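S.K.: Every number in our numbering is 77 more than the matching position in the sequence shown, counting from 1.
Cβ atoms here follow ideal geometry from the backbone N, Cα and C, with glycine treated the same way.
Predicted model only: the values in this text are computed from it and were never measured.
I have a structure here, written as structure tokens, and I will follow up with some questions on it.
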Amino acid sequence: METAAVLVKWLDRRFLDPLIGLAVPAVGDILTSVAGLYLVVLGVRRKVPAVIVARMLVNLGLDALLGAVPVLGDVFDFAFRANVRNLALLEMHHEGRPPRAKDWLVVGGAALFLLVALAVPIALAGWLIAWLFGGHGGG
Numbered sequence: 078m079e080t081a082a083v084l085v086k087w088l089d090r091r092f093l094d095p096l097i098g099l100a101v102p103a104v105g106d107i108l109t110s111v112a113g114l115y116l117v118v119l120g121v122r123r124k125v126p127a128v129i130v131a132r133m134l135v136n137l138g139l140d141a142l143l144g145a146v147p148v149l150g151d152v153f154d155f156a157f158r159a160n161v162r163n164l165a166l167l168e169m170h171h172e173g174r175p176p177r178a179k180d181w182l183v184v185g186g187a188a189l190f191l192l193v194a195l196a197v198p199i200a201l202a203g204w205l206i207a208w209l210f211g212g213h214g215g216g
């Protein structure tokens with residue numbers, strides 16, 4: 078856990094995550110996300126409940142996704158601090174706290190968002206194909 082605390086201190090508390098993202102766009106975001114995976118791996122090794130690991134992945138994914146947006150993503154990185162959140166989740170599990178309803182809601186909401194994000198382009202493609210081959214293509 079000491080290594081995790083040091084990682085969080087440098088990435089989030091000393092703002093290295095957003096600074097690297099600003100200095101080296103895209104590559105910096107990828108590097109800091111990969112570094113953040115250490116906390117997730119630590120959670121898996123410590124047999125943290127699956128919902129907590131999923132919540133940690135949601136935090137990290139949100140940080141990576143929104144952090145990739147030029148300039149605004151770096152502002153988000155200063156505020157969100159996914160690694161601080163993930164370390165807190167690890168520490169709560171270490172203290173014996175079982176998953177809460179909020180953990181399930183965050184993971185469920187993220188899963189629903191992912192399903193919608195996947196379904197919308199598929200539905201739009203289907204609609205476009207039907208429209209084109211339904212005689213509306215102007216041919």
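(1) Specify, as a first and last residue, the run of the alpha helix (DSSP H) that Phe210 falls within.
(2) Is it buried or exposed, Arg177, if we count other Cβ atoms within 10 angstroms and call 16 or more buried?
(3) Determine the direct distance from the alpha carbon of Leu119 to that of Asp180, and round the result to whole angstroms.
(4) Kindly indicate the opening and closing residues of the alpha helix (DSSP H) around Phe144.
(5) Could you check whether the stretch 120 to 127 touches the stretch 142 to 153, counting it as contact only if at least three pairs of C-beta atoms, one from each stretch, sit closer than 8 Å?
(6) Just reading off the alpha helix (DSSP H) that Phe155 is part of, what are its end residues?
(7) Determine contact between the stretch 185 to 194 and the stretch 144 to 162, defined as no fewer than three beta-carbon pairs at a distance below 8 Å.
(8) Taking the continuous alpha helix (DSSP H) assigned at Ala103, which residues delimit it?
(9) Only counting the same chain, and skipping five residues up and downstream in sequence, which positions put a Cβ closer than 8 Å to that of Val278?
(10) In the DSSP assignment, the alpha helix (DSSP H) including Leu84 goes from what residue to what residue?
(11) Nearest-angstrom Cα distance between Val161 and Glu79?
(12) If you compare alpha carbons, which of Leu88, Gly98, Ser110 and Val128 is closest to His170?
(13) Ala103 to Pro175, Cα distance in whole Å?
M.R.: Looking at the coordinates:
(1) For the purposes of this step, residue 210 is taken as the residue at position 133 of the sequence shown. Run containing Phe210: none; DSSP gives neither H nor E here.
(2) Translated into positions along the sequence shown, residue 177 becomes position 100. That one is exposed.
(3) As a working note, residue 180 is residue 103 in the sequence shown. As a working note, residue 119 is residue 42 in the sequence shown. Straight-line Cα distance between these residues: approximately 18 Å.
(4) One-based indexing of the sequence shown puts residue 144 at position 67. A small fix is needed here, since residue 144 is Gly in this sequence, not Phe. Note, Gly144: alpha helix (DSSP H), Ala127 to Gly144.
(5) no
(6) Your numbering for residue 155 matches position 78 in the sequence shown. Taken as a continuous stretch (DSSP letters only), the alpha helix (DSSP H) holding Phe155 covers Leu149 to Phe157.
(7) no
(8) Here the question's residue 103 lines up with position 26 in the sequence shown. Where Ala103 is concerned, there is no enclosing alpha helix (DSSP H), given that its DSSP letter is neither H nor E.
(9) Because the chain is modelled from 78 through 216, residue 278 falls outside the range shown and cannot be assessed.
(10) Counting from one through the sequence shown, the residue named residue 84 turns up at place 7. Start and end: Glu79 to Val85.
(11) Reading the sequence shown from its first residue, position 84 is the one you call residue 161. Reading the sequence shown from its first residue, position 2 is the one you call residue 79. The straight-line gap from Cα to Cα measures roughly 14 Å.
(12) For this step, residue 170 is matched to residue 93 along the sequence shown. Per the Cα distances, Val128.
(13) Locating residue 103 in the sequence shown gives position 26, where the first residue counts as 1. Locating residue 175 in the sequence shown gives position 98, where the first residue counts as 1. Approximately 36 Å between the Cα atoms of the pair.
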